[in-house]
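Sequence order for the protein chains is A and B. Start counting the first sequence at -16; every next residue gets the next number (the numbering used here). Start counting the second sequence at 12; every next residue gets the next number (the numbering used here). Beta carbons: idealized from backbone N, C-alpha and C, even for Gly. Predicted model, so just to flag it, every value in this text is computed and none were measured. Report on the following structure.
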Amino acid sequence: MSAELLHYRPWRGTFHGPLSASWPIARVALKMMFRRKLFWAIYALALLMFLMFFFGQYLLSWAESQADESGVRIFGAKVAPGDLIHGLREVLQLNGRKGEMYALFFRFQGYMVMVLLALAGSMIVGNDFQYGTLPYYLSKPISRVHYLLGKCLAVAVFINLMTTLPAIVLWVQFGLLDTWSFFYQKADLLLGIIGYGLVLTVSLSALLLAAAVWVRRTVPLIMAWCTLLFFCRVLADALVFVLNMDWRWRLIDLWDCTYIVGTWLLQADPGPRQPAIGWAASILVIVSIVCTMYLILRVRAVEVVK
Amino acid sequence: MIADRSSVTAAVAETIARPSFPVPTMDMGRDERPSELASPVLLFDHVSKWYGPVIGVNDVTLELRPGIMGLVGANGAGKTTLMRLATGQLRTDLGTVEVRGISTLKAAAKRYVGWCPDADVFYEEMSGRQFVRVMAQLCGFDRREAKRRADEVIELVGMNDAMGGGAERTLRGYSKGMRQRIKLAQALVQDPELLILDEPLSGIDPVGRQESIALFHQLARRGKCLLVSSHELEALEKLTDQVIVMARGRIAAVGTLPRIREMFDDVPLAIRIDCSEKRRLSAALLELDDVSGIELGEQATLTVRAANPKRFFKKFAEVVLEEGFDVQHLEILDDSARAILGYLLAGTAHS
């Protein structure tokens, strides 16, 4: 080893700002996840769900185009093909013109996202605290905020890869199968999809990072995550539908809160006995702020004297 | 003479916390600006840091300039806290820490600092080269420059595949020594002026250790400031004779090892002397005021305990020349970093 080997020339270029460091941090986290076979298995399941919607839409549109004017007999009754397909669309909620289809898609994908994030949390963030990797990041010219942004960015990529991006593909597909006017008539749906994705991204990434920093290890994190999102859902349903308690008890189900806000953005019906959008949005904002404050405090206390 | 060790510690800390020893003059390298030469690289100004009721660093004032400075102290003395404050990872409760006049909490200051922590767990699936590249990108270099710099520092620390280093292998398969080298590479990647190294020689084989020490010396000659924390005091002595001794969150002493040793007036220096006329020499030395005791060893060896080393050696030379003693061997037995650290820690424990 010899320092004479160093050929550093004075750096004449412009240093990228610390904000740009968030992407390398996210990329490292993404690479670590992409190396896991389990990730691809869960992603394949999520993709299966997407393909059901995708080909369902396609099949109905194809059937619509093939049907002639003559009626179709079902249980002896003559039904017009257009009415039949319209009915099927409503029953299966495969109507790309309505927000309900996208809300349903987000709801189904959400289960996969929850499982995936439970696994990803400890790997993306928990390990940094558990094994002491964090000082490497914080010794470089970035702040704690940029570190957290990088990690949130990685979580955001996972969430949007499974929810927002396929939902946008479904919207584009329906537009291509329908008429061109769909794209400008239903642009609000696209904004709703992006908004729903944003709500999921912000609330879930803050929640996941806080949970991962708190428990760090994979199995406890999965348990904490399941408690937060699955157990709270069961509890909320039991309180409201079985014990007939106040409908505001549904607010303890954070996933339902994101669904309420999402359906409002998609102008869809959230279902019976749901809290108002204001309540759900407030809960999400409060949870996100609390999680972010906790994260900043935890990241600041890199070293704890025991 | 100072009455006890605790007062020695206090006196040493008081007098030399802001070091007055001559700072080694270094060739500052090609892109140093004259204005930078005047200011210290690292400055602690009355810094204190608490962890709840526990004090990590207690009213530390310190200036570091180019050269190598050792940092020693027992576990819990505050070394890691001091280094984390210097790298901007911890916020001070009192006082300020600056690198080249910029608060260490700012991103601009961190560009001057390379940090090689003690922890050697990284993302195990990444290769060493990928890890260093990512660290370079975090410093703000674009991808091309990050790649170039990563390649250079990997070659520098002897991890290049052509040199049998294994930079392309995943970190999972790295030995302790290889991890040390990669840590050093990521610290050097931004060409920092201040290099803070926590146990950089731990786990490295003897050849690698020699190479690392040579590298640190060369970096110091290029005008870098190195703060090296180590429990391996023998290795640290080979690296530098300038040390900061920490105890209980305070700086117990700063300076060269002999200078710190001199401050221990109440701890007589043990000197081994080999002389063919050891009894006659003993009798002559006992006449000196500074000699507190003499032990006669086997054959021609005697061990002298002298209170004021500087004065003793002056008188000793006069005695030897006047009486014509045949001194074959002269060795100071307890001026090593280990011995000095032992005295200081004993002093602080007593206080």
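Asked                                                                                                                                : Found
Per-residue DSSP class, three states only, for R44 (chain B)                                                                         : Any reading at R44 (chain B) needs caution, since the residue's pLDDT is 41, under 50, leaving its predicted position unreliable; the model's value is listed next. The answer is coil: DSSP assigns R44 (chain B) none of H, G, I, E or B.
Ranges of the beta strand (DSSP E) found wholly within the segment 177 to 221 of chain B, counting only runs of at least 3           : 205 to 209
Interface positions of the segment 101 to 114 of chain B facing chain A (Cβ-Cβ less than 9 Å), listed along the chain                : L101 and R102
For C236 (chain B): DSSP bridge partner residues                                                                                     : B:G78 and B:L205
Touching by the beta-carbon criterion (3+ pairs, under 8 Å), the segment 279 to 287 of chain B and the segment 318 to 336 of chain B : yes
Assumed close pair D209 (chain B), D131 (chain B) - CB separation to whole angstroms, cut-off 8 Å                                    : With a Cβ gap of about 10 Å, D209 (chain B) and D131 (chain B) do not count as contacting.
Burial state of V268 (chain A) (16 or more Cβ within 10 Å)                                                                           : exposed
A317 (chain B) versus B:I305, B:E309, B:A311 and B:A328, residue with shortest Cα-Cα distance                                        : B:I305
Given T147 (chain A) as reference, the closest of A:G175, A:Y130 and A:L100 once Cα atoms are compared                               : A:G175
Those runs of the beta strand (DSSP E) which lie wholly inside the segment 50 to 104 of chain B and span at least 3 residues         : 53 to 62, 65 to 75 and 78 to 84
Neighbour-count burial assignment, N110 (chain A), 16 or more Cβ in a 10 Å radius                                                    : buried
Sequence-distant residues of its chain with Cβ nearer than 7 Å to D252 (chain B) (five each side left out)                           : T267 and L268
Cross-chain neighbours of R18 (chain A) in chain B, by beta carbon under 7 Å                                                         : E136
Which listed residue (B:K289, B:S241 and B:L250) has its alpha carbon closest to that of A85 (chain B)                               : B:S241
Beta carbon proximity, E122 (chain B) to chain A, threshold 8 Å                                                                      : According to the sequence as given, residue 122 (chain B) is Arg; it is not Glu. Chain A contact via Cβ: present.
Neighbour flag for V11 (chain A) against chain B, beta carbons, 8 Å                                                                  : yes
Alpha carbon of R281 (chain A) to alpha carbon of L93 (chain B), nearest angstrom                                                    : 20 Å
Check whether L247 (chain B) and V239 (chain B) have beta carbons under 8 Å apart                                                    : yes
Cross-chain neighbours of F133 (chain B) in chain C, by beta carbon under 9 Å                                                        : Reference to chain C is not applicable here, since the protein chains of this structure are A and B.
Backbone CA spacing between G158 (chain A) and R90 (chain A) [nearest angstrom]                                                      : 22 Å
As assigned by DSSP and simplified to three states, the class of S303 (chain B)                                                      : strand
Contact under 8 Å by Cβ, G188 (chain B) with G139 (chain B)                                                                          : no
Residues of the segment 254 to 276 of chain A whose Cβ lies closer than 9 Å to any Cβ of chain B, in chain order                     : none
Short CB-CB distance (under 8 Å) between G177 (chain B) and chain A                                                                  : no
Short CB-CB distance (under 8 Å) between Q197 (chain B) and chain A                                                                  : yes
Per-residue contacts from F(-2) (chain A) into chain B (C-beta, under 8 Å)                                                           : R122, C150, G151 and F152
Beta-carbon neighbours of V145 (chain B), restricted to chain A and to distances below 7 Å                                           : P7 and V11
Three-state secondary structure assigned by DSSP to H(-1) (chain A)                                                                  : coil
Against chain B: residues of the segment 181 to 212 of chain A by CB proximity under 9 Å                                             : none
Min CB distance S126 (chain A) to chain B below 8 Å                                                                                  : yes
Beta-carbon gap between I113 (chain B) and L237 (chain B) smaller than 8 Å                                                           : no
Opening and closing residue of the beta strand (DSSP E) in which L280 (chain B) lies                                                 : L280 to C286
Touching by the beta-carbon criterion (3+ pairs, under 8 Å), the segment 155 to 165 of chain B and the segment 16 to 32 of chain A   : no
Beta-carbon spacing of I243 (chain A), Q257 (chain A) below 8 Å                                                                      : yes
Bounding residues of the alpha helix (DSSP H) (the contiguous stretch that carries R216 (chain A))                                   : C215 to D220
Beta-bridge partners of C150 (chain B), as assigned by DSSP                                                                          : For C150 (chain B), which the question treats as bridged, DSSP gives no partner whatsoever.
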